[in-house]
Amino acid sequence: MTIKNNLYSCDQAARCLMLIKNNGPILAAALAERLGFVGERETLRRKIRAIVQHLRNDCGEMIVADSVNGYYLTEDEKVWQDYLNGRQIDAKKILGITGKQLKMVTDSRGQGLLFVPGSGQLNNEKFNEVRSA
0 MTIKNNLYSC DQAARCLMLI KNNGPILAAA LAERLGFVGE RETLRRKIRA
50 IVQHLRNDCG EMIVADSVNG YYLTEDEKVW QDYLNGRQID AKKILGITGK
100 QLKMVTDSRG QGLLFVPGSG QLNNEKFNEV RSA
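Numbering (numbering that gives the first Met the number 0), first residue to last: 0 to 132.
This is the structure in structure tokens:
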């Protein structure tokens, strides 16, 4: 049986869970290699993310992702909640940054933000410092 538009099979999802359980923190590239996936790096990462999402959402597994160490399974509810809260904060930061970038591009006054971070006005002194650097 295949799940999610033929990205992976149930057997691959089960094997992925066993690899995460048995090997502790493991990177997406290592998981993809051990599962026998072939393709470009980003394609492999997407497949692993789809499997992990399925294991989290549909199977209730508490799989935590760390940008340095990779994926690992936790039994600690506090670690899991901290991870989920951190993901929400990261999403809010990304939305805030995107909104600020949109203002920088579309608002004539916002153009000053491109040169003077944290300021709503163009500061000629700081602008000249940036330009001469």
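Ideal placement from N, C-alpha and C gives every residue a C-beta, glycine not left out.
Just to confirm the assignment, what range does the alpha helix (DSSP H) spanning Leu72 have? Here Leu72 belongs to no alpha helix (DSSP H); instead the beta strand (DSSP E) covers Gly69 to Leu72.
So what's Val63 in DSSP terms, helix, strand or just coil? strand
Hey, could you find the ends of the alpha helix (DSSP H) Glu39 is sitting in? Careful: Glu39 lies outside any alpha helix (DSSP H) and carries neither H nor E.
Own chain residues within Cβ distance below 8 Å of Tyr71, not counting five before or after: Ile19, Gly23, Pro24, Ile25, Ile62, Val63 and Asp65
Whole-Å CB distance - Leu54 paired with Leu16, under 8 Å assumed: 6 Å
With burial defined as no fewer than 16 other Cβ atoms inside 10 Å of the residue's Cβ, what is the status of Val104: buried or exposed? exposed
Between Ala27, Ala49 and Ile50, which lies nearest to Arg40 when the distance is taken from Cα to Cα? Ala27
Identity of the residue in Gly59, Cys58 and Arg33 nearest Ile47 by Cα: Arg33
Which word fits Gly95, buried or exposed, when buried means at least 16 other C-beta atoms lie within 10 angstroms of its C-beta? exposed
Does the distance from the CB of Ala12 to the CB of Ile50 come in under 9 Å? yes
Label Leu30 either buried or exposed according to how many other C-beta atoms from any shown protein chain fall within 10 Å of its C-beta, with 16 as the threshold for buried. buried
Separation of Lys102 from Gln52, as counted between CA atoms: 33 Å
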